[in-house]
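Student: Residue numbers for the sequence shown follow UniProt numbering, beginning at 1 and rising by one. By construction, the Cβ of each residue, glycine as well, lies at the ideal position given by its N, Cα and C atoms.
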Amino acid sequence: MAHVCDPTLVFRQLFEKVSSTYTYVLADANTREAIIIDPVIETVDRDIKVINDLNLKLLYAVNTHVHADHVTGSGQIKQKLPGVKSVIFDMNAKADIYIKEGDSLQFGSKKIEFLSTPGHTNGCVSIVCHTAKSVFTGDALLIRGCGRTDFQQGNSALLYDSVHSKIFTLPDDYVVFPAHDYTGQTNSSVGEEKKHNPRLSKAKEEFIKIMANLNLPYPAQIDRALPANLVCGIQN
Numbered sequence: 001m002a003h004v005c006d007p008t009l010v011f012r013q014l015f016e017k018v019s020s021t022y023t024y025v026l027a028d029a030n031t032r033e034a035i036i037i038d039p040v041i042e043t044v045d046r047d048i049k050v051i052n053d054l055n056l057k058l059l060y061a062v063n064t065h066v067h068a069d070h071v072t073g074s075g076q077i078k079q080k081l082p083g084v085k086s087v088i089f090d091m092n093a094k095a096d097i098y099i100k101e102g103d104s105l106q107f108g109s110k111k112i113e114f115l116s117t118p119g120h121t122n123g124c125v126s127i128v129c130h131t132a133k134s135v136f137t138g139d140a141l142l143i144r145g146c147g148r149t150d151f152q153q154g155n156s157a158l159l160y161d162s163v164h165s166k167i168f169t170l171p172d173d174y175v176v177f178p179a180h181d182y183t184g185q186t187n188s189s190v191g192e193e194k195k196h197n198p199r200l201s202k203a204k205e206e207f208i209k210i211m212a213n214l215n216l217p218y219p220a221q222i223d224r225a226l227p228a229n230l231v232c233g234i235q236n
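(1) Let me know the secondary structure DSSP gives ARG224 once reduced to three states.
(2) Hey, out of VAL18, SER86 and ALA132, whose CA is closest to THR43's CA?
(3) Please work out which residues of its chain come closer than 7 Å, Cβ to Cβ, to SER201, disregarding the five sequence neighbours upstream and downstream, and give them in chain order.
(4) Cutting at 8 Å between CB atoms, please list the residues of its own chain near TYR24, excluding the five before and the five after it.
(5) Between ASP161 and GLY123, is the Cβ-Cβ spacing less than 7 Å?
(6) Do the CB positions of HIS67 and ALA225 come within less than 7 Å of each other?
(7) Tell me the residue span of the beta strand (DSSP E) that contains LEU159.
(8) For GLN76, count neighbouring C-beta atoms within 10 Å of its own C-beta (all shown protein chains included) and say buried if the count is 16 or more, exposed if not.
(9) Put CYS232 into one of helix, strand or coil per three-state DSSP.
(10) Of the choices LYS209, ASP47, VAL71 and TYR60, whose alpha-carbon is the least far from that of ARG148?
(11) In whole angstroms, what separates the C-alpha of ALA132 from that of LEU9?
(12) Could you spell out where the alpha helix (DSSP H) holding LYS204 opens and where it closes?
(13) What residue range does the alpha helix (DSSP H) around VAL50 cover?
(14) Let's test the definition: count the other Cβ atoms within 10 Å of the Cβ of ASN197 and tell me whether it reaches 16, buried, or not, exposed.
(15) Determine the direct distance from the alpha carbon of CYS129 to that of ILE112, and round the result to whole angstroms.
(16) For GLU192, report the span of its alpha helix (DSSP H) as first-last.
(17) Out of LEU230, GLN221, LEU56 and VAL4, which one is the CA nearest neighbour of ALA29?
(18) With DSSP collapsed to three states, give me the class of ILE77.
(19) Looking only at its chain, what residues have a beta carbon closer than 7 Å to the beta carbon of ASN236, apart from the 5 residues adjacent to it on each side?
(20) Label LYS49 either buried or exposed according to how many other C-beta atoms from any shown protein chain fall within 10 Å of its C-beta, with 16 as the threshold for buried.
(21) Report the rounded CA-to-CA distance for ILE143 versus SER20, giving the unit in angstroms.
(22) Given THR31, which residues of its chain have a CB within under 6 Å of its CB, disregarding the five upstream and five downstream residues?
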C-alpha cells in the first residue's frame, strides 16, 4: 500500500481494475473529516465501506476532471452519504462546488490546494497536499506518461505547459499520485518524472510530435462516461 509522509493524515489508495483508475481517500486522523478523489461508480460500495471502517466523516467528493474512461461515483456517494458535496473545476459539469486555480478545501486541520492543469481536458486540475508532500495529478501526469490529447478539448502544447509550470515546479521529492496506471505502479515523484518521463522530459516540440502519433484506440467507455459525468454520474 502506498504511504504519505504525514503521520496525522489517514490515506488510502484504491484501484478500479476495468478502467485502471486510482481513487484516493484522505482524512485528518484527529477529526476524521475526509475527502475522496476520483471515485468510480462500480466501486462506491467498497469505498464507503473503507470510509465507515475507518470511522471517517466524508465531506467532499472531488473529481480531477470530467472523465472519459469511467463514470464517476460522486453522485451515488452523495445519495448514500447525505451531506457530501461534489467538487469539480469544469463549469460545464454538475457539482455542488466549483473550484478555480489557487482554491483550497479544508478537512479538519488538513488542506488541499488546486492547480489548473489543462491539456488533457480544459477542466483538469492537480491537487496538492503540502503536509503530505503529495500531488494528485489526475490524467495530466501519469507514471512515465500522461493523459491523451486527441479528444475532449485535448491540446498537447497546453498539457506540456501545464505540467512544466504547475507540477514540475513543485519540490522534486513530492510524491505523484496519478488517476490511472496501466502497468501496476502506484506512485512516482516529481523529480523522477522530470528526469524519466519518456514524453514530458523531452522538448515541447518533440512532445507535441509524440502525442500526435500515439494512434490510440477510441476510449471504450467514453460514450457512456461523458454524458453521465456531466451530471455527477447520476442519470435520470
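Tutor: Considering the structure as presented:
(1) ARG224 falls in the helix class under three-state DSSP.
(2) For the residues VAL18, SER86 and ALA132, the minimum Cα distance to THR43 belongs to VAL18.
(3) LYS194 and LYS195
(4) PHE11, ARG12, GLN13, LEU14, ILE36, ILE37, ASP38, PHE136 and PHE177
(5) no
(6) The answer is yes: Cβ separation under 7 Å.
(7) That residue, LEU159, is in no beta strand (DSSP E); its alpha helix (DSSP H) goes 156-162.
(8) buried
(9) coil
(10) LYS209
(11) Taking the straight line joining both Cα atoms gives about 8 Å.
(12) 204-212
(13) 44-53
(14) buried
(15) 5 Å
(16) Per DSSP, the unbroken alpha helix (DSSP H) holding GLU192 starts and ends at 190-196.
(17) LEU56
(18) helix
(19) Bear in mind that a pLDDT of 42 at ASN236, under 50, signals an unreliable position, so the model cannot answer this.
(20) exposed
(21) 13 Å
(22) GLY108
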